[in-house]
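Data block below; observations after.
In the numbering used here, the protein residues as written are 576 to 644.
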């Protein structure tokens, strides 16, 4: 999984370096979007799924992010 993520990240880095932030392409839903929009969307998606994983982890081990003594 980590190797797959590393390859995906490297491919994304190359695409970002080759394309300007205001360049447009067609998204999966058929509309034109900029590279900037796609990057922001991916940050949002990553944050959302990270939150889901955190909720599952809390359900398994019972700990939360509040570690005050």
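Ideal Cβ placement from N, Cα and C applies to all residues, glycine included.
Buried or exposed by the 16-neighbour rule on C-beta atoms within 10 Å, applied to residue 592: For this step, residue 592 is matched to residue 17 along the chain shown. Classification for residue 592: exposed.
Using the C-alpha atoms, what's the distance from residue 627 back to residue 615? In the chain shown, the residue the question calls residue 615 occupies position 40. In the chain shown, the residue the question calls residue 627 occupies position 52. Cα to Cα, the separation comes out at about 19 Å.
Determine which residues share a DSSP beta bridge with residue 600 and list them. For the purposes of this step, residue 600 is taken as residue 25 along the chain shown, with counting starting at 1. For residue 600, which the question treats as bridged, DSSP gives the partners 608.
Residue 610 beta carbon less than 9 Å from that of residue 599: Here the question's residue 599 lines up with position 24 in the chain shown. Here the question's residue 610 lines up with position 35 in the chain shown. Closer than 9 Å, so yes.
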